[in-house]
Structure formats: structure tokens, C-alpha cells
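J.: In my numbering, the protein residues as written are -15 to 378.
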């Protein structure tokens, strides 16, 4: 039976809310069918709209294609273009069967201009076939924690059950952004592809030019998916990821994806502030100890928790400490004995381990007898009274 101590109060270590930020508790105005706002560092979902609904994601697919290419370690290899890559539909760079390019050059062309033929060439080179490469992409998504993502094309063109969710795309993007090469590629303004043909490619990502702190990442459109965009920006110590899937169709949707993205990012930067909720080593209570001279052992939280919180969330934090009724000696320092649950607006969001802060020796008849025998043998003392005094029993 565990002892549950509920602390219905703000943690004293929470930083004061920035008074210069005008916080609005209203959700952002977003037309996209599926959308999400994620904190890059912690993966915490700050806001969502049908964020777990499976949807076509168009060329935002190429985020996964790119990180697979980068992590392959084969960017310097020469890719020979196949007839299948040549025949990929627009948007395309118009590479031809038999052409040769480095995978690095194809990567830049794919991410800056969203060329479908370059994505197919990369997929065939790495997977042996488009189908096998897509299987590799799907397995990679699962390994990252994606819950409902299936890749059927490496470029995002509509096919069968090719789909993801706004949340899964944010997870994939957060992973990709940890790679320096990926960041370098998506922020590059222009690039020259040199191979069998020479192409000048320019970055089509308007967010880089129109939004303060923008990092990238990738546009997308198909007839099934509508206009999509995965974006990221950094301001101060906060880096956010936004995803919009199905922001609309036609010219209206083409513009709406930028409006949706900016509204989501603005909402994040205006309402959330990185906050130290718990600090490593924070005292979490005493636990009674049996078979020891020490009546209690102190406990502490094992790690810090720093997350972005809104003003409302700061006012609605509950910390629940779960500790056992007692512990039996001996106990080694740093032994995990409980947990600390962080509840925000009634939802359990984080669970941290609690450990003991010190070593506790056992002290019972068996241990005392052994100590008595050791002292007797070393001192040669034949008086039980002296032994007991040395043991502090008398």
C-alpha cells in the first residue's frame, strides 16, 4: 500500500510569468483539418486540432525521406537515375534515365523545390525499390513513436493508404531537426545541382522569409491532402514545431497554410514560457525505516522537469508524490523507491522517479550478533557488558 501525498499548489521553483507577454487563452484560428503545436525539446503537445486523425500529408513526406538519406551515410555516393524516377509526375526536376548525381545534390533539390523525381531516385538507391524504401520509412516512424503513419510513396503523392497524423509528423520533424545536416539543408536559400545536367534550385519555403526565427521545414500539396505545411521557429529559449494538414484547396488553401502556420506559432510564442516545474534533488518526504537505528530516510526527485507552460497551466499544477509506507534496511543511496506525478489541468503528463538520499545500515539481532562476535575476536574482551556497550545496546 503506497502513501499518496497530494500537493495542490504551485511549485515554488516555477519561474514568474513574463508580464511582457500578452497571453490569450483562446485557441488559434486554424482552418486546417488536422493541426498541432509541439515543443521541440520536450515533445509536449501545446495545442491540437484533430491532431491524431489519419490524413494524407503530401510532400511533408519528404522530411522522412530526407532524414533517411542523411542517416544512410551515403550522401557522397553516385545515384543513377532510373526510368521510374524519370517518369515521376510534376513537380519534378526533369532528370533523365541514366543521369548521374550525388545523393547529396538530389537531397537539396528534393527539400528546396519538392521535386518528386529526385525523391524516387533517392528511394531506389537506398532501398533497392520504392516499395522497400517505403517499408523502411514506415518502420522508422514506428521506432520514433509514431502511432498512425504508413508510407507508400517517398515523395508524398497520393497512393493507397499513404497517410500520417499531424502529431506523428511533428514527432518525425522533431527527430529530423536534431540532425545538423538536415537543419543546414532546409535553411539553404539556393543550391546548384551538378551532375549529368546542372540545375539551379531555390528554396520555396516562404516561412523562412516571412516569420521571425523561422527554421523551416516543408510544404506539401496533393489533390487528396490539400495544402499542408510543417514549420518550425525559435524565439528566445523556445523552439516550436507546427503542422497543418488539409489547410484548403486551390489558391485559398495555398495561402491559408501560411496563415494557419503563423497563427499556431504566434499562439505558442505568446502564451507559453519555459518553466522549471521540478528541480533534481528536490526533497519529496521522509519514509519510515525498519530494522535500523535510523527512524526515517529522506527521499528526493531524480531529475529536473523544465517544460513550456501557459499562465493557466501554471495556475493548475498538481504534484502527486507516491511513496511506500515504510522501507526495510539496508537501503543503498539512490535506490528508486517511489514516483512523482505531474498533473496539469487534471491530466497526468509526467512521471518522475524518486530515490533515497542516503545509505541506511541494517541493525537487528543478526547484525548485532555478528558485530559482537567481530568485536570479541578483535579485542579479546570476555565481558558481554563491554561488548554491548561498544554496540551502544546498553
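Built from N, CA and C at the ideal position, the CB exists for glycine as well.
Rounded to whole angstroms, what's the CA-CA distance from residue 273 to residue 266? Just pull it up for me.
T.: Within the chain shown, residue 273 is the residue found at index 289, counting from 1. Within the chain shown, residue 266 is the residue found at index 282, counting from 1. Residue 273 and residue 266: Cα-Cα distance of roughly 20 angstroms.
J.: Got a sec, what are the start and stop residues for the beta strand (DSSP E) residue 55 sits in?
T.: Reading the chain shown from its first residue, position 71 is the one you call residue 55. No beta strand (DSSP E) holds residue 55; the alpha helix (DSSP H) holding it covers 46 to 55.
J.: Relative to the C-alpha of residue 43, which residue among 73, 21, 56, 34 is closest?
T.: Walking along the chain shown from the start, residue 43 turns up at place 59. Comparing Cα positions, the closest option is 73.
J.: Around the Cβ of residue 260, are there at least 16 other Cβ atoms within 10 angstroms (buried) or fewer (exposed)?
T.: For the purposes of this step, residue 260 is taken as the residue at position 276 of the chain shown. The residue is exposed, with fewer than 16 neighbouring Cβ atoms inside 10 Å.
J.: Write down the C-beta distance between residue 206 and residue 140 rounded to the nearest angstrom, noting that I regard them as a contact closer than 8 angstroms.
T.: Counting from one through the chain shown, the residue named residue 206 turns up at place 222. Counting from one through the chain shown, the residue named residue 140 turns up at place 156. Indeed they touch by this definition, with Cβ atoms about 7 angstroms apart.
J.: Would you call the region 212 to 225 and the region 191 to 202 in contact, with 3 or more CB pairs under 8 angstroms?
T.: Cβ pair count under 8 angstroms is three or more, so yes.
J.: Comparing the C-beta of residue 13 with each C-beta of chain D, is any distance below 8 angstroms?
T.: The structure shown contains no chain D; it is built from a single protein chain.
J.: Using only the alpha-carbon positions, how far apart do residue 143 and residue 183 sit?
T.: Here residue 143 corresponds to residue number 159 of the chain shown, with the count starting at 1. Here residue 183 corresponds to residue number 199 of the chain shown, with the count starting at 1. The straight-line gap from Cα to Cα measures roughly 29 angstroms.
J.: What number of angstroms, rounded off, separates the C-alpha of residue 291 from the C-alpha of residue 325?
T.: Counting from 1 along the chain shown, the entry for residue 291 is found at position 307. Counting from 1 along the chain shown, the entry for residue 325 is found at position 341. Spanning the two alpha carbons is a distance of roughly 14 angstroms.
J.: Please classify residue 41: does DSSP put it in a helix, a strand, or coil?
T.: Translated into positions along the chain shown, residue 41 becomes position 57. In the structure shown, residue 41 sits in coil (DSSP, three-state: anything other than H, G, I, E or B).
J.: What's the C-alpha gap between residue 85 and residue 50?
T.: Along the chain shown, read from residue 1 onward, the residue named residue 85 stands at position 101. Along the chain shown, read from residue 1 onward, the residue named residue 50 stands at position 66. About 16 angstroms.
J.: Count the CB pairs spanning the region 168 to 188 and the region 88 to 95 that are closer than 8 angstroms, and state whether there are at least three.
T.: Contact holds: three or more Cβ-Cβ distances are below 8 angstroms.
J.: Use the C-beta contact count for residue 168: other C-beta atoms within 10 angstroms, 16 or more gives buried, fewer gives exposed.
T.: As a first step, residue 168 is located in the chain shown; it is residue number 184 there, counting from the start. It is exposed - the Cβ of residue 168 has fewer than 16 other Cβ atoms within 10 Å.
J.: Rank 282, 20, 108 by C-alpha distance to the C-alpha of residue 340 and give the top, closest one.
T.: The count along the chain shown starts at 1 and reaches residue 340 at position 356. Minimum Cα distance to residue 340 is reached at 282.
J.: For a test of the three-state rule: what should DSSP assign to residue 208, helix, strand or coil?
T.: Reading the chain shown from its first residue, position 224 is the one you call residue 208. Note: residue 208 maps to coil in three-state DSSP.
J.: Could you name the residues of the same chain whose beta carbon sits closer than 8 angstroms to that of residue 222, not counting the 5 residues immediately before and after it, in chain order?
T.: Here residue 222 refers to the residue found at position 238 of the chain shown. Answer for residue 222: 23, 252, 253, 256, 257, 258, 292, listed in chain order.
J.: Would you tell me roughly how many angstroms separate the C-alpha atoms of residue 58 and residue 52, rounded to the nearest one?
T.: Position 74 of the chain shown, counted from the start, is the residue given in the question as residue 58. Position 68 of the chain shown, counted from the start, is the residue given in the question as residue 52. Between residue 58 and residue 52, the C-alpha separation is close to 10 angstroms.
J.: If you drop the 5 nearest sequence neighbours on each side, which residues of the same chain put their C-beta closer than 8 angstroms to that of residue 407?
T.: Examination of residue 407 is not possible in this model, given that the chain is present from -15 through 378 alone.
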